[in-house]
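J.:
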Ligand SMILES: Nc1ncnc2c1ncn2[C@@H]1O[C@H](COP(=O)(O)OP(=O)(O)OP(=O)(O)O)[C@@H](O)[C@H]1O
Ligand SMILES: [Mg+2]
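Chains as they are written, first to last, in this note's numbering: chain A, 792 to 1170; chain B, 97 to 404.
What follows is the structure, given as structure tokens:
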């Protein structure tokens, strides 16, 4: 009966072997450090969901002090960069069509006169809305700006034309990320994305490799048990996962100034559960794939919904219900919520529990699938 | 009485899809015996060995290996069996020493360091212990694999073509070693395609298309085949061979250097053929049938049955 129990000595043999093999496989090891760095640079520096200084063309059909005030304050706002002043409507359209500007602003004929007469003349802002994300913040900014921009020009009798306050005052507190800094949202999410990407692929490869190289036959002929092989193989990758985590957390702190309001040890503990979820997924793939290529394909197949539906790139609540359901199944979705919660909101254990148990459930389900599917024979 | 048998299996059958690859094989191997397992390519030798050490589950049949039930005690069997795969299946990205060390750890060899060192010395690879296994030549890989599957001092060795690609000197050393260990009680089941190795086994079994066709000592196997063989020497042997094929009684015509071996089971018919073709300076001589003649004859008969 002893051979059916988990044997520490055999388990350790596997761990030692895996460490040696990992050390020899410089390319893979390099990738595991390189991927997080690359993603940090790409996502951390390159992606900005709140773009500013967008090129804007202005057509001034009525040069007046109002027009000057407007242009001056646009220049001073973060969102618009006035790159061109054009004379005709056609020219403006052309610039938009060619994508040379994001916005075209028209100050129409008789603007000043009609304004002073209280006729509420229209300011026309034409936006290249092919990319909605690129325009929405700027459009909102202009609306707010237009309410007050002419206050200085509307003096004396014209002061009555100033925008009147509405019956209620709306107060907005942007909590947790008041300056809408994309990095604060993206970098914590990146922690989960990097781990998902590397952990799943690496483990899926680890076992298929044994099969593809024929070493599985030898391994199966020895008394080593499936649990010993699997967990023994995973230990080195857990360490690699923590190396990645350290890199990203350091970058978050020192490169992107992402706040860390919550407890770092708590975060590290949650990460262990999340790594386990990914490793379990990877092992399951490896028991399904017949060769390393298939394993990589499966890992990519898994990666896509993770990137798109987890709330990493696009707002989770903006997705249709069926997509949200898929998202809820993915450990990444919950992990991203937990990380953002701990880092930006200072969440503690009670706050993260609703997102922690789905990860735990995923680990249990996947591991039992993997252990069930792991063949002790070559059949 | 039973304790005397290292391998005792009956009715072992394995199907892949609807192809029966191993068909109802029974095999008894005594402790301390070197048992040769022969047969043409694809006859099911590897599949049979894999079933013995628990790598494949038989579709039918039962039995014991080292006294442990094949179906329920695979874990125990694995601890006491050394299985050498046909294809090199150690880690090419581990060094020679690391491979041996890994296996020794897995089996929980007592005095692991010494065991690995002893194994390296015996292999003559002590100086190259840090070399990666993947960089070894084919023959050396083979020898490493052999050393590795013996490091835990198993009671039964299952060797799948262990000497394929190994040079004659190393092959002789290997057989010396095997016989020494067998004298100490080690049981060896070995597959090979070499006739000289077949003759070095205590007993043999011949399997073709999954069926066990014959077994016994080399002499018994030859005798049981009932084959008569004539050796022909002289000029124009190639043309002679062409005209002999298909004659009644002639089952196989094989060139052996400067002679031709003509064999068949019908001694009288063959003698008649010998008389007919003995002219033109050719000498016909009755010789002992060799194992090879027997095996080729068995294989061709089996193929006929298969086709039928
Ligand atoms: N996993 C498998 N799936 C399907 N068919 C298989 C499998 N393994 C072996 N076979 C088939 O079973 C037959 C016997 O194969 P096996 O490897 O046992 O032959 P062998 O006697 O060892 O041959 P060789 O002398 O070439 O090593 C072959 O026809 C092979 O194609
Ligand atoms: Mg074979």
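Beta carbons are placed, not taken as given, at the ideal position from N, Cα and C, and that holds for glycine.
For clarity, every value in this text was computed on a predicted model and none was experimentally measured.
(1) In three-state terms, what does DSSP make of residue 794 of chain A?
(2) Taking 7 Å as the CB-CB cut-off, is residue 1121 of chain A touching chain B?
(3) What residue range is occupied by the uninterrupted beta strand (DSSP E) comprising residue 179 of chain B?
(4) Quick check: is any heavy atom of ligand 1 less than 6 Å from the C-beta of residue 184 of chain B?
(5) Ligand 1: which residues have Cβ under 6 Å from any of its heavy atoms, chain order?
(6) Determine whether the beta carbon atoms of residue 103 of chain B and residue 161 of chain B lie at a separation below 7 Å.
(7) Could you work out which residue in A:1081, A:1131, A:1125 is closest to residue 1050 of chain A when comparing CA atoms only?
(8) Give the DSSP-derived three-state secondary structure of residue 1056 of chain A in the structure shown.
(9) Could you check whether the Cβ of residue 1169 of chain A sits closer than 7 Å to any Cβ belonging to chain B?
(10) Give me the Cα-Cα distance between residue 226 of chain B and residue 141 of chain B, rounded to the nearest whole angstrom.
(11) Using a Cβ-Cβ cut-off of 7 Å, state whether residue 215 of chain B counts as contacting chain A.
(12) Against residue 999 of chain A, what residues of chain B qualify as contacts under a CB-to-CB distance less than 9 Å, listed in chain order?
(13) Can you name, in chain order, every residue of its own chain whose Cβ lies under 6 Å from the Cβ of residue 996 of chain A, other than the five neighbours on each side?
(14) Please classify residue 357 of chain B as buried or exposed, where buried requires at least 16 neighbouring CB atoms within 10 angstroms.
(15) Decide if residue 839 of chain A is buried, meaning its Cβ has at least 16 other Cβ atoms within 10 Å, or exposed.
(16) When you check each C-beta in the region 155–169 of chain B against every C-beta of chain A, which residues fall closer than 8 Å?
(17) Let me know the secondary structure DSSP gives residue 245 of chain B once reduced to three states.
(18) Using a C-beta to C-beta distance shorter than 8 Å, which residues of chain B count as neighbours of residue 812 of chain A?
(19) Mind pulling the chain A residues with CB within less than 8 Å of residue 151 of chain B?
(20) When the cut-off is 7 Å and only beta carbons count, does residue 116 of chain B lie next to chain A?
(21) Against chain B, with Cβ distances strictly below 7 Å, would residue 965 of chain A count as a contact?
(22) Buried or exposed for residue 221 of chain B, please, with buried defined as at least 16 other CB atoms from any protein chain shown within 10 angstroms of its CB.
(23) Among A:831, A:894, A:820, which has the Cα closest to the Cα of residue 845 of chain A?
(24) So what does DSSP say about residue 256 of chain B, is it helix, strand or coil?
(25) According to a CB-to-CB cut-off of less than 7 Å, which residues of the region 100–125 of chain B neighbour chain A?
(26) Closer than 7 Å, CB to CB, is residue 209 of chain B near chain D or not?
(27) Any idea what DSSP makes of residue 889 of chain A, helix, strand or coil?
(28) Between residue 179 of chain B and chain A, is any beta-carbon pair separated by less than 7 Å?
(29) Which ranges would you report for the beta strand (DSSP E) in the region 106–192 of chain B if only whole runs of at least 3 residues count?
(30) When you compare only the Cα positions, how much space is there between residue 198 of chain B and residue 335 of chain B?
(31) Using 10 angstroms around the beta-carbon of residue 1125 of chain A, count the other beta-carbons present and answer buried if the total reaches 16, otherwise exposed.
(32) How would you label residue 326 of chain B, buried or exposed, when you count the other beta carbons within 10 angstroms and need 16 or more for buried?
(33) Assign residue 1013 of chain A to one of three DSSP states: helix, strand, or coil.
(34) Compare the C-beta of residue 202 of chain B against all C-beta atoms of chain A and say whether one is closer than 7 Å.
(35) Roughly how far, in whole angstroms, is the beta-carbon of residue 405 of chain B from the beta-carbon of residue 801 of chain A, given that I think they are within contact range, below 8 Å?
T.: In short:
(1) Along the first chain, read from residue 1 onward, the residue named residue 794 of chain A stands at position 3. Its pLDDT being 47, under 50, residue 794 of chain A is placed unreliably in this model, and the value from its coordinates should be taken loosely. Reduced to three states, the DSSP call for residue 794 of chain A is helix.
(2) To locate residue 1121 of chain A, count along the first chain from 1; it is residue 330. It does not: the Cβ of residue 1121 of chain A has no partner Cβ on chain B nearer than 7 Å.
(3) Position 83 of the second chain, counted from the first residue, corresponds to residue 179 of chain B. Unbroken beta strand (DSSP E) run through residue 179 of chain B: 177–180.
(4) Translated into the one-based positions of the second chain, residue 184 of chain B becomes position 88. No, the Cβ of residue 184 of chain B stays beyond 6 Å of every heavy atom of ligand 1.
(5) B:112, B:117, B:135, B:137, B:138, B:139, B:140, B:141, B:142, B:143, B:182
(6) Translated into positions along the second chain, residue 103 of chain B becomes position 7. Translated into positions along the second chain, residue 161 of chain B becomes position 65. Taking 7 Å as the Cβ cut-off, residue 103 of chain B and residue 161 of chain B qualify as a contacting pair.
(7) As a position in the first chain, residue 1050 of chain A is number 259, starting the count at 1. The option with the nearest alpha carbon to residue 1050 of chain A is A:1131.
(8) Here the question's residue 1056 of chain A lines up with position 265 in the first chain. If DSSP states are grouped into helix, strand and coil, residue 1056 of chain A belongs with the helices.
(9) In the first chain, residue 1169 of chain A corresponds to position 378, counting from 1. Taking Cβ atoms only, chain B reaches closer than 7 Å to residue 1169 of chain A, which makes this a yes.
(10) For the purposes of this step, residue 226 of chain B is taken as the residue at position 130 of the second chain. For the purposes of this step, residue 141 of chain B is taken as the residue at position 45 of the second chain. For residue 226 of chain B and residue 141 of chain B, the distance between alpha carbons rounds to 34 Å.
(11) If you number the second chain from 1, residue 215 of chain B lands on position 119. Not a single C-beta of chain A is nearer than 7 Å to the C-beta of residue 215 of chain B.
(12) As a first step, residue 999 of chain A is located in the first chain; it is residue number 208 there, counting from the start. Simply none; closest approach about 15 Å.
(13) Position 205 of the first chain, counted from the first residue, corresponds to residue 996 of chain A. Within the same chain, residue 996 of chain A has close Cβ partners 1083, 1086.
(14) Taking the first residue of the second chain as 1, we reach residue 357 of chain B at position 261. So residue 357 of chain B counts as buried.
(15) Within the first chain, numbered from 1, the residue matching residue 839 of chain A stands at position 48. Answer is exposed; the Cβ neighbour count stays below 16.
(16) none
(17) Indexing the second chain from 1 puts residue 245 of chain B at position 149. Residue state, collapsed to three classes: helix.
(18) Along the first chain, read from residue 1 onward, the residue named residue 812 of chain A stands at position 21. Within 8 Å Cβ-Cβ: 187, 189, 190.
(19) For this step, residue 151 of chain B is matched to residue 55 along the second chain. Chain A residues near residue 151 of chain B: 1008, 1011, 1012, 1168, 1169.
(20) The residue labelled residue 116 of chain B in the question sits at position 20 within the second chain. So, not an interface residue.
(21) As a working mapping, residue 965 of chain A is identified with position 174 in the first chain. With 7 Å as the cut-off, residue 965 of chain A does not count as an interface residue toward chain B.
(22) Translated into positions along the second chain, residue 221 of chain B becomes position 125. Flag for residue 221 of chain B reads buried.
(23) The count along the first chain starts at 1 and reaches residue 845 of chain A at position 54. Per the Cα distances, A:894.
(24) On the second chain, position 160 is the one that residue 256 of chain B refers to. Strand at residue 256 of chain B.
(25) Listed by position, the residues of the region 100–125 of chain B near chain A (Cβ gap below 7 Å) amount to none.
(26) The structure shown contains no chain D; its protein chains are A and B.
(27) Stepping through the first chain from its first residue, residue 889 of chain A is reached at position 98. Of the three classes helix, strand and coil, the one that applies to residue 889 of chain A here is coil, per DSSP.
(28) Taking the second chain and counting its residues from 1, the one referred to as residue 179 of chain B is at position 83. By this cut-off, residue 179 of chain B is an interface position.
(29) 115–126, 130–134, 156–161, 177–180
(30) The sequence position of residue 198 of chain B within the second chain is 102, counting from 1. The sequence position of residue 335 of chain B within the second chain is 239, counting from 1. Near 58 Å, if we compare the C-alpha coordinates of residue 335 of chain B and residue 198 of chain B.
(31) Within the first chain, the letter at position 334 stands for residue 1125 of chain A. It is buried - the Cβ of residue 1125 of chain A has at least 16 other Cβ atoms within 10 Å.
(32) Taking the second chain and counting its residues from 1, one reaches residue 326 of chain B at position 230. Burial call: buried.
(33) Taking the first chain and counting its residues from 1, the one referred to as residue 1013 of chain A is at position 222. DSSP places residue 1013 of chain A in coil when its eight states are reduced to three.
(34) Looking up residue 202 of chain B in the second chain gives position 106. True, the Cβ-Cβ gap to chain A drops below 7 Å.
(35) Chain B is shown only over 97 to 404; residue 405 of chain B falls outside these bounds and no answer can be derived.
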